[in-house]
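Visitor: Take this structure first; my questions come after.
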Amino acid sequence: MENAFSPLTLHRYDRPLRGVMIDGQPWFAAWDFARLIGHRHPERIGRMMEDDQIRSVRFALVSGETEDVEVISESGAYRALWRYNHPENRSLRRWLTLEAVPLLRDARGTGPACPKRTLLQWGTQQIGLLEWQGVLWVPFDALPRFAAPIAERRPMRRGLLGRWGR
Numbered sequence: 001m002e003n004a005f006s007p008l009t010l011h012r013y014d015r016p017l018r019g020v021m022i023d024g025q026p027w028f029a030a031w032d033f034a035r036l037i038g039h040r041h042p043e044r045i046g047r048m049m050e051d052d053q054i055r056s057v058r059f060a061l062v063s064g065e066t067e068d069v070e071v072i073s074e075s076g077a078y079r080a081l082w083r084y085n086h087p088e089n090r091s092l093r094r095w096l097t098l099e100a101v102p103l104l105r106d107a108r109g110t111g112p113a114c115p116k117r118t119l120l121q122w123g124t125q126q127i128g129l130l131e132w133q134g135v136l137w138v139p140f141d142a143l144p145r146f147a148a149p150i151a152e153r154r155p156m157r158r159g160l161l162g163r164w165g166r
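Here it is, written out as structure tokens:
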């Protein structure tokens, strides 16, 4: 086993998913992933993987200790989603593809001139943002999540502008 990896912890519905980049590829803690997909026996998820989809690594914990963890590759994660079919897995696959994997790839470090994905904790949800040249960029489809709490607090005035708010 090689040196200890520092995992990036992502959260989906208050469940942690630890991930690391190994040789430029994303790997996820098998136990965390099994709990995330609602598998009743998380210790069994490694049995269905091919040899190239699972491996053991050492995670460096914040306390300074290390933990031996089985991790599954990105293809192993998609295989588990396909194998353990559940209605929620479609949105989980989208989350993996659009947020989790890009965050892991960006977290390994890029140059200061390159855009980087980051997460913003907004109320009870996490919203993926793009940080570039010191400015946070919000995707258009995430804007309603920001505006909803503001619209609930303040009634819109109707006047000359009609439906248009200031």
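Take the sequence shown: its letters are residues 1 to 166, numbered as in UniProt numbering. All residues carry an ideal CB built from backbone N, CA and C; glycine is no exception. A quick note: this is a predicted structure, and the numbers were derived from the prediction, not measured.
1) For P102, which of W122, S91, G24, R55 has the nearest alpha-carbon?
2) Using the Cα positions of L120 and H11, report the straight-line distance between them to the nearest angstrom.
3) Is V57 buried or exposed, if buried means 16 or more other CB atoms sit within 10 Å of its CB?
4) Determine whether the beta carbon atoms of D32 and R47 lie at a separation below 8 Å.
5) Just the C-alpha distance for M49 and I37, rounded to the nearest angstrom, thanks.
6) Would you say P87 touches the ligand PLP, meaning its beta carbon is less than 7 Å from a heavy atom?
7) Apart from the five residues on each side of it in sequence, which residues of its chain come closer than 8 Å, Cβ to Cβ, to R93?
8) From this set, Q125, D14, G64, which residue's C-alpha is nearest R35's C-alpha?
9) Which residues mark the beginning and the end of the alpha helix (DSSP H) in which E67 is found?
10) For A147, count neighbouring Cβ atoms within 10 angstroms of its own Cβ and tell me buried if that reaches 16, exposed if not.
11) From the DSSP secondary-structure annotation, give me the bridge partner or partners of M49.
12) Along the chain, where does the beta strand (DSSP E) that runs through L17 open and close?
13) Could you tell me if L96 is buried or exposed, where buried requires 16 or more neighbouring beta carbons within 10 angstroms of its beta carbon?
14) For S56, name the three-state secondary structure that DSSP assigns.
15) Give the secondary structure of A29 by DSSP, where H, G and I count as helix, E and B as strand, and everything else as coil.
Guide: Answer, in terms of the structure:
1) G24
2) 12 Å
3) buried
4) no
5) 16 Å
6) This structure lacks the ligand PLP; in fact it carries no ligand of any kind.
7) Y78, L81
8) The shortest Cα separation from R35 among Q125, D14, G64 belongs to D14.
9) Premise fails: E67 lies in the beta strand (DSSP E), 66-73, not in any alpha helix (DSSP H).
10) Counting Cβ neighbours within 10 Å, A147 comes out exposed, since fewer than 16 surround it.
11) Per DSSP, none; premise fails for M49.
12) 15-22
13) buried
14) It is a strand residue.
15) strand
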